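Beneath this line is the structure, given in structure tokens, with notes to follow.
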Amino acid sequence: MADEVVQGLKTRFGAAIIEVYDKSPSRTYITVDPKGLPDVAEYLYKELGCRFSIATGMHMVGGMEILYHFALDKAHRFLNLRVILDPDKPSIESIAARIPATEWIEREMQELLGIEFRNHPDMRHLLLSDDWPTDNHPLRKDWKDWRGGDNGQK
Amino acid sequence: MSLKLKALTKSIWVFHLAASPCNNCDIEILDALTPRFDLERFGIQLVGSIRHADAILVTGSMNRKSSGVLKRVIAQAPKPCFVIALGNCSCSTEMFGKSYNETRPLDEVVPVDAYIMGCPPKPEAMIQAVVALVQAKLAASKK
Amino acid sequence: MAKSRTIIPIGPYHPLQEEPEFFKLHVEGEKVVELEIEIGYNHRGIEKLAEGLSYDQIPFLVERICGICSSSHPFAGVMATEDVAGVEIPERAKYIRTFIGELERIHSHLLWLGLAGHFLGYNTVWMWAWKYREPVLDLFELLTGNRNHYGMMKPGGVRRDFADEDIAAVVRVLDSLVKPTVMFKNVALSDPVLQARTKNVGKLSKQDCIDLGALGPTARASGVDIDVRRDHPYAAYGKVKFNVIATANGDIFDKLVVRVLEILESIEICKQCCRKLLEVKDGIDANLTDIPPGEGIGVHEAPRGEVIHYTRSDGSNRPVRYKIRAPSYMNVPTNKRAVVGYTVSDAAITLAAIDPCYCCTERTVVVEASSGKPVMTGKDLLRLSREKTEKLMGKYTSRMDKLWI
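See the structure below:
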């Protein structure tokens with residue numbers, strides 16, 4: 001089943017699948033073109049019957065990375081879709097309308113990392129207070145504590 | 155004043171306030187009500203409104219959202235009312251002191267009468283602390 | 298990240314009155330028509346804090362995400378670290394980890410059972426469930442040194458070993474839990490008031506669970522047959538026999554049944570681990586010293602569902618990124634579908650049925666749908682729930698208020 005899944009993705013989405021990294025039989029990381037991400041994600045969810053587990057946003061040296069972690073429970077496997085966005089203006093199409101389970105995590109990634117999720121049904125703060133300063137995203141590597149000092153350490 | 159303190163030693167009404175805890179301290183407080191520890195046989199009761207409280211147990215660290223609110227809520231308690239920092243988070247922010255959500259220990263927000271250390275403190279420690287605090291205040295007021 | 302955390306039982310206390318609501322129920326008369334959810338009260342920025350700690354310090358930090366299933370986060374976390382390194386841990390360590398995870402499930406489900414009883418107005422259930430929970434906490438103290446926050450997990454294995462002489466005491470306590478659990482099960486299956494309060498109440502359909510990615514007993518009660526222990530075997534779960542409990546109706550009664558039956562399964566898993574621990578003595582630590590650059594995922598079936606930790610390493614001893622997702626993050630949004638359409642007196646138990654952060658459940662406000670005017674608080678919801686039970690007790694003969702052993 002392992003190769004079939006990846007083969008199926010490559011056949012269906014062609015150039016949108018940039019790279020496949022099989023770390024182990026249960027962990028596969030697939031780098032996808034951001035423009036193609038919504039369709040690939042929907043394919044995993046609707047046609048392969050994957051469960052959306054969570055997404056991780058990361059501010060890395062090479063760009064703003066998002067990993068969407070999908071669980072293919074019946075194959076004992078995690079298929080992780082990776083996209084790399086422009087770190088200064090990260091923006092990607094929201095998949096919350098297609099996969100309702102992603103609604104909260106997209107809100108969280110927006111407020112903590114500054115990623116824009118275009119056409120998200122309900123974009124507002126999830127964890128940070130509403131009076132949190134704008135354009136202030138704590139999980140970014142270049143985040144400066146506006147109160148002075150290092151992360152509030154006295 | 156001393157009449158009120160005398161009354162306190164008979165039956166202490168405790169109000170529980172959770173700021174941003176992991177809930178372990180909160181469960182241990184509730185645990186103190188269950189048959190093994192049975193808080194109520196000491197006359198210690200957990201009450202539903204701060205206006206009835208003789209002592210306030212605060213768990214969790216203060217953060218950006220809760221500091222201001224906590225000050226106002228504690229101000230509503232009728233005096234004398236003892237503020238007790240329960241657990242390492244409210245005594246000293248435990249390991250969350252550097253958080254970007256501005257965690258701080260309780261005594262930076264309101265004056266604290268007693269600290270119960272532990273992560274979480276055992277129910278026996280809590281009972282001992284509340285009783286000892288009241289007795290100490292009573293002894294102090296007699297001087 | 299401390300999001301909608303897992304559970305916390307607090308009791309009938311008034312929340313921080315001026316706090317913005319966690320749950321805002323919109324009602325028309327008796328019926329709930331809309332639910333708004335606001336989280337973030339307990340946000341402590343743990344993911345960012347983890348970036349400043351080394352991999353062997355992180356289990357202590359993440360343990361304190363939740364007090365009730367406190368080993369579930371370190372469990373997933375150390376597995377994520379080991380996944381980066383691609384390392385296998387000794388078999389004894391796997392059995393110890395499995396044992397701790399299952400013992401925790403027992404205490405967590407008993408805790409929930411007590412809370413559910415409390416919310417329904419059966420304080421006897423609360424006292425009895427928590428009374429039976431105490432020996433489990435004693436076992437934790439005996440084996441790990443603390444009733445909660447046991448500090449057992451480390452990358453590469455476990456921090457403490459179990460002595461053979463303690464295992465006999467452990468098995469005795471586990472055996473003593475079977476009878477009370479079966480009693481709870483029989484009461485649940487036969488008490489007419491409990492059934493009237495929980496059957497067909499707070500129903501969550503299978504499709505709702507799939508759409509929202511619901512996990513754990515919340516999903517299994519609706520027929521979504523997922524369980525990380527079976528689907529992504531880890532630790533010793535591939536070597537012990539157990540059943541995954543799934544029912545079909547998706548109401549609160551089903552969630553109750555799933556949890557009670559899971560306690561019995563967990564007792565069996567623990568006993569199997571105990572037998573193995575008397576034989577398997579290959580060590581408890583793989584002595585992991587280096588985490589190479591790479592990424593890893595660790596998943597564990599916590600009492601509330603799948604916990605997932607992801608970490609990215611650059612070869613130093615600190616993570617570049619550490620992601621944590623607790624199961625309640627996926628389960629709390631299901632409340633929107635479970636609570637709407639039912640009466641306000643059922644709201645308290647429905648919100649509690651996913652086994653969420655009780656503290657957040659406490660911060661509840663009920664407003665009139667048309668005007669937005671607040672009409673009730675969380676305390677009122679509990680009171681309504683209890684009043685409904687009392688009314689039903691007048692209608693049926695309940696055995697719950699008498700001694701039932």
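So the protein lines, in turn, are chains A, B and C.
Using my numbering, the first residue of the first sequence is number 1, and each one after it goes up by one.
Using my numbering, the first residue of the second sequence is number 155, and each one after it goes up by one.
Using my numbering, the first residue of the third sequence is number 298, and each one after it goes up by one.
Backbone N, C-alpha and C fix where the C-beta goes; we use that ideal spot for every residue, glycine too.
Quick caveat, the model's predicted, so the values are computed rather than measured.
Option nearest residue i by Cα separation, candidates the options
| i | options | result |
| --- | --- | --- |
| Val-354/C | Thr-395/C, Pro-432/C, Glu-438/C, Gly-448/C | It should be noted that the sequence gives Gln, not Val, for residue 354/C. With distances taken between Cα atoms, Gln-354/C lies closest to Gly-448/C. |
| Thr-28/A | Ile-105/A, Ile-95/A, Gln-7/A | Gln-7/A |
| Ile-646/C | Leu-434/C, Asp-677/C, Met-627/C, Ser-668/C | Asp-677/C |
| Asn-628/C | Lys-552/C, Val-617/C, Ile-588/C | Lys-552/C |
| Lys-23/A | Val-381/C, Val-541/C, Asp-524/C | Val-381/C |
| Ala-413/C | Asp-505/C, Phe-481/C, Leu-434/C | Phe-481/C |
| Tyr-619/C | Glu-344/C, His-404/C, Val-422/C | Glu-344/C |
| Lys-451/C | Asp-582/C, Thr-441/C, Asn-445/C | Asp-582/C |
| Leu-171/B | Gly-197/B, Glu-194/B, Glu-278/B, Ser-221/B | Ser-221/B |
| Arg-601/C | Glu-379/C, Val-637/C, Ala-518/C, Ala-532/C | Ala-518/C |
| Leu-584/C | Val-470/C, Val-384/C, Leu-407/C | Strictly speaking, residue 584/C in this sequence is Asn, with Leu absent from that position. The shortest C-alpha separation from Asn-584/C is found at Val-384/C. |
| Lys-141/A | Ile-54/A, Met-60/A, Leu-81/A | Met-60/A |
Residue burial classification, residue i (beta-carbon count within 10 angstroms, cutoff 16)
| i | result |
| --- | --- |
| Met-271/B | exposed |
| Val-189/B | Note on identity: in this sequence residue 189/B is Pro, with Val being the wrong assignment. Pro-189/B comes out exposed. |
| Leu-575/C | exposed |
| Gly-14/A | exposed |
| Glu-93/A | buried |
| Gln-230/B | exposed |
| Pro-18/A | The residue asked about is misnamed: residue 18/A is Ile in this sequence, not Pro. Counting Cβ neighbours within 10 Å, Ile-18/A comes out exposed, since fewer than 16 surround it. |
| Ser-165/B | exposed |
| Glu-592/C | buried |
| Ile-210/B | buried |
| Ala-294/B | exposed |
| His-206/B | exposed |
| Lys-35/A | exposed |
| Leu-313/C | A caution first: Leu-313/C carries a pLDDT of 34, below 50, which makes its placement in the model too unreliable to give a value. |
| Glu-194/B | exposed |
| Arg-118/A | exposed |
| Lys-692/C | exposed |
| Thr-11/A | exposed |
Unbroken alpha helix (DSSP H) run spanning residue i, endpoints
| i | result |
| --- | --- |
| Phe-396/C | 388-417 |
| Ser-244/B | 242-246 |
| Arg-634/C | 632-636 |
| Pro-277/B | 277-296 |
| Glu-103/A | 103-113 |
| Leu-574/C | 549-574 |
| Ile-343/C | 343-348 |
| His-370/C | 369-382 |
| Ile-507/C | 503-509 |
| Pro-616/C | No alpha helix (DSSP H) contains Pro-616/C, which is instead part of the beta strand (DSSP E) from 616-622. |
Chain-ordered chain A contacts of residue i [CB-CB under 8 Å]
| i | result |
| --- | --- |
| Leu-509/C | Pro-100, Ala-101 |
| Ile-594/C | Arg-27, His-69, Phe-78, Asn-80 |
Cross-chain neighbours of residue i in chain C, by beta carbon under 7 Å
| i | result |
| --- | --- |
| Met-58/A | Arg-609, Arg-618 |
| Ser-165/B | Under the 7 Å cutoff, chain C gives no residues; its nearest Cβ is about 18 Å from Ser-165/B. |
| Leu-113/A | The contacting residues do not exist; Leu-113/A stays about 11 Å from chain C at best. |
7 Å Cβ cut-off: residues of chain B touching residue i
| i | result |
| --- | --- |
| Gly-342/C | Ser-253, Tyr-254, Asn-255 |
| Leu-358/C | Met-249 |
N- and C-terminal bounds of the beta strand (DSSP E) containing residue i
| i | result |
| --- | --- |
| Val-541/C | From DSSP, Val-541/C is part of no beta strand (DSSP E); its letter is neither H nor E. |
| Leu-358/C | From DSSP, Leu-358/C is part of no beta strand (DSSP E) but of the alpha helix (DSSP H) over 355-360. |
| Lys-300/B | Shown here, chain B extends from 155 to 297; a query on residue 300/B therefore has no answer. |
| Ile-84/A | 77-85 |
| Thr-31/A | 27-32 |
| Trp-167/B | 167-172 |
| Ile-204/B | Taken as a continuous stretch (DSSP letters only), Ile-204/B belongs to no beta strand (DSSP E), as it is neither H nor E. |
| Glu-603/C | 602-610 |
Within chain A, the residues that residue i reaches when beta carbons sit closer than 7 Å
| i | result |
| --- | --- |
| Lys-321/C | Neighbours of Lys-321/C on chain A: none; closest Cβ ~14 Å, over 7 Å. |
Interface partners of residue i on chain B, CB under 9 Å
| i | result |
| --- | --- |
| Gly-349/C | Lys-252 |
Contacts that residue i makes with chain C (C-beta to C-beta distance below 8 Å)
| i | result |
| --- | --- |
| Asp-73/A | Ile-523, Asp-528, His-529 |
| Pro-274/B | Gly-364, Arg-444, Asn-445, His-446 |
| Arg-51/A | Ile-507, Gly-510, Ile-523 |
Within-9 Å CB hit, residue i to chain E
| i | result |
| --- | --- |
| Leu-184/B | The structure shown contains no chain E; its protein chains are A, B and C. |
*Quick one, which residues of the region 188-207 of chain B are near chain C if we go by CB-CB under 8 Å, in chain order?*
Look at the region 188-207 of chain B: the residues with a C-beta under 8 Å from a C-beta of chain C are Thr-188, Pro-189, Arg-190, Leu-200, Val-201, Gly-202, Ser-203, Ile-204.
*Got a sec: which bits of the region 410-437 of chain C sit with their beta carbon under 7 Å from any beta carbon on chain B, in order along the chain?*
Interface annotation for the region 410-437 of chain C against chain B: Met-424, Trp-427, Lys-428, Glu-431, criterion Cβ-Cβ distance under 7 Å.
*Positions along the region 22-48 of chain A whose CB lies within less than 8 Å of some CB in chain C*: Of all residues in the region 22-48 of chain A, only Lys-23, Ser-24, Ser-26, Arg-27, Tyr-29 come within less than 8 Å of chain C when Cβ atoms are compared, listed by chain position.
_Residues in the region 619-630 of chain C having any Cβ partner in chain A nearer than 7 Å_ = Cβ contacts with chain A: Lys-620, Arg-622, Tyr-626, Met-627, Pro-630.
*Taking only beta carbons into account, state which residues of the region 368-397 of chain C come closer than 8 Å to chain A, listed in chain order.*
If you check each beta-carbon in the region 368-397 of chain C against every beta-carbon of chain A, the ones closer than 8 Å belong to Asp-380, Gly-383.
*Using a Cβ-Cβ cut-off of less than 8 Å, give me the residues of the region 275-295 of chain B that come near chain C, in sequence order.*
Cβ contacts with chain C come from Lys-276.
*Of the residues that make up the region 661-688 of chain C, which ones have a beta carbon closer than 9 Å to any beta carbon in chain B?*
Going along the region 661-688 of chain C in chain order, one finds Lys-676 with a Cβ nearer than 9 Å to chain B.
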